[in-house]
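*Asks:* So for the sequence shown, the working numbering puts the first residue at 419; every next one is plus one.
For each residue, glycine too, the CB sits at the ideal point set by N, CA and C.
None of these values were measured; they are calculated from a predicted model.
Dropping the structure in here first, questions after.
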Amino acid sequence: MRRTPIVLALLGALAVTGCSSSGGQSGQSAPPATSAAAPAAGGGGDFAVITHGAPGDSFWDVVKNGAEAAGKQYGVTVTYQGDGDPAKQSQLIDQAVSEKVDGIVVSLANPDALKEAIGKAVAAKIPVVTINSGADSSKALGAITHVGQSEDVAGRGAGEQLKTAGVTKLLCVIHEAGNVGLDQRCKGAEETLGGTVERLQVDVSNLADVTSKVTAKLQSDQAVNGVLALNPAVAVAARDAIKDAGSQAKLATFDLSADVVTAINDGEILFAVDQQQYLQGYLPITFLNLYKANLNTVGGGLPVNTGPGFVTKDNAAQVAKLAEAGTR
Numbered sequence: 419m420r421r422t423p424i425v426l427a428l429l430g431a432l433a434v435t436g437c438s439s440s441g442g443q444s445g446q447s448a449p450p451a452t453s454a455a456a457p458a459a460g461g462g463g464d465f466a467v468i469t470h471g472a473p474g475d476s477f478w479d480v481v482k483n484g485a486e487a488a489g490k491q492y493g494v495t496v497t498y499q500g501d502g503d504p505a506k507q508s509q510l511i512d513q514a515v516s517e518k519v520d521g522i523v524v525s526l527a528n529p530d531a532l533k534e535a536i537g538k539a540v541a542a543k544i545p546v547v548t549i550n551s552g553a554d555s556s557k558a559l560g561a562i563t564h565v566g567q568s569e570d571v572a573g574r575g576a577g578e579q580l581k582t583a584g585v586t587k588l589l590c591v592i593h594e595a596g597n598v599g600l601d602q603r604c605k606g607a608e609e610t611l612g613g614t615v616e617r618l619q620v621d622v623s624n625l626a627d628v629t630s631k632v633t634a635k636l637q638s639d640q641a642v643n644g645v646l647a648l649n650p651a652v653a654v655a656a657r658d659a660i661k662d663a664g665s666q667a668k669l670a671t672f673d674l675s676a677d678v679v680t681a682i683n684d685g686e687i688l689f690a691v692d693q694q695q696y697l698q699g700y701l702p703i704t705f706l707n708l709y710k711a712n713l714n715t716v717g718g719g720l721p722v723n724t725g726p727g728f729v730t731k732d733n734a735a736q737v738a739k740l741a742e743a744g745t746r
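Below you can see the structure in the form of structure tokens.
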């Protein structure tokens, strides 16, 4: 999986705990440089993670796992909350500001709707790290960095692989209305597919209806020979729809779950675009802890990329073990 240089540098820095050297004629070692490890250890703190993920969503469960793991490592308190309604997500941000937390992590699926709430956090001098979607808006809203993947780049990569697989007409299934990142994925795929891309709006909270709508589309338009899901639960629903419709359409998806990895192993899904969402929980808490303890900032005004990588039948078995552990 691809790692950016800034992430590799950070992880390498965290692994260093000190060093010693010999000096003078005595040949004795200098005292350990224990102070260098102090910022990473942190001095406690309260960080709020507020996403647009619905409770129980397998993708966001992994983000939560990453954030909580970082919290334990650094001895800080991490509170995770998610709500797919932008208005309610804004209220959760307002609540965190009123509680005077030490930092806020927020997914930016709907930048315009969250602008005011994030502005209040920035005005209160609470550092904000945005994750997942909305990289283009992150800096303008005052966040200290963004952690995620370039949705355009990821979409183009998916389109290239689907083209190689022989897909000429693609159904791109959008599961959250107003999520700018999802539309970027479809646009990216459209740029490289070289065929037709049609969007289908569904509701991720009603997977039975997702299956029904995809089935109906495949039955009514038999020219559709590819389906691109943008969510692992939607991918499983689309897999069932392809079977129900008696279609030979090839299926790919964004993001991972244990069910998706199994389906890749079984040949039911071609590949999954992996944005390594565990890092989208783990790294922001790391960055906020370093900011609080040492005023460090990461990214230099550019996003810290966590993907895309691709999970195929070649590496699915390895990833499956990690997915079972809740880290992929």
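1) Answer with buried or exposed for D475, where buried requires no fewer than 16 other C-beta atoms within 10 angstroms of its C-beta.
2) Ignore the nearest five residues each way along the sequence and tell me which others in Q446's own chain have a CB closer than 6 Å to its CB.
3) Just how far apart, CA to CA, sit V481 and V691?
4) In the DSSP assignment, what are the bridge partners of D503?
5) Assign Q602 to one of two classes, buried (16 or more other C-beta atoms within 10 Å of its C-beta) or exposed (fewer than that).
6) Are the segment 580-590 and the segment 700-714 touching by the rule of at least three beta carbon pairs closer than 8 Å?
7) Looking at the strands, I want to know which residues DSSP matches up with T563.
8) Check for me: the beta strand (DSSP E) holding A619 runs from which residue to which?
9) In the DSSP assignment, the beta strand (DSSP E) including L588 goes from what residue to what residue?
10) Mind checking which residues open and close the alpha helix (DSSP H) that includes G599?
11) On the three-state DSSP scale, how would you describe A542?
12) In angstroms, rounded to a whole number, what distance separates the CA positions of L713 and G537?
13) Taking only heavy atoms of the ligand SAM into account, decide whether any of them is closer than 7 Å to the Cβ of I511.
14) Could you compute how far the alpha carbon of K661 sits from the alpha carbon of L688?
15) Starting from the C-beta of S508, find all residues in its chain whose C-beta is less than 8 Å away, skip the five residues before and the five after it, and write them out in chain order.
16) Less than 6 Å between C-beta atoms, sequence neighbours within five positions excluded: which residues of the same chain meet that for V737?
17) Please name the residue, chosen from N528, T548 and P650, that lies closest to G521 on a Cα-to-Cα basis.
18) Between which two residues does the alpha helix (DSSP H) containing A690 stretch?
19) Which of helix, strand or coil does DSSP assign to V729?
20) How many Å lie between D554 and E609 at the Cα?
*Replies:* In terms of the structure at hand:
1) Buried: at least 16 other Cβ atoms inside 10 Å.
2) With a pLDDT of 43 at Q446, under the threshold of 50, the modelled position of this residue cannot be trusted; read the value that follows with caution. Within the same chain, Q446 has no close Cβ partners at all.
3) Cα-Cα distance, rounded: 16 Å.
4) In the DSSP assignment, D503 forms no beta bridge with any residue.
5) Under a 10 Å Cβ-count criterion, Q602 is classified as buried, with 16 or more other Cβ atoms of the shown protein chains found around its own Cβ.
6) The segment 580-590 vs the segment 700-714: no contact.
7) Assignment of beta-bridge partners to T563 by DSSP yields V547.
8) Residue 619 is actually Gln in this sequence, not Ala. First-last of the beta strand (DSSP E) with Q619: T614 to Q619.
9) It spans K587 to I592 - the beta strand (DSSP E) in which L588 sits, taken as one unbroken run.
10) Counting along the chain, G599 sits inside the alpha helix (DSSP H) bounded by residues V598 to L611.
11) In the structure shown, the three-state DSSP call for A542 is coil.
12) Spanning the two alpha carbons is a distance of roughly 20 Å.
13) Absent from the structure shown: the ligand SAM. Ligands present: none.
14) Roughly 15 Å between the two C-alpha positions.
15) Cβ neighbours of S508 beyond the five flanking positions: A531, L532, E534 and A535.
16) Here V737 has V679, V729 and R746 as same chain residues with Cβ atoms under 6 Å from its own Cβ, once five neighbours each way along the sequence are excluded.
17) If we check each option's Cα against that of G521, T548 comes out closest.
18) Segment A690 to D692 is the beta strand (DSSP E) holding A690; no alpha helix (DSSP H) there.
19) DSSP, read as helix, strand or coil, puts V729 in strand.
20) Computed Cα separation, rounded: 19 Å.
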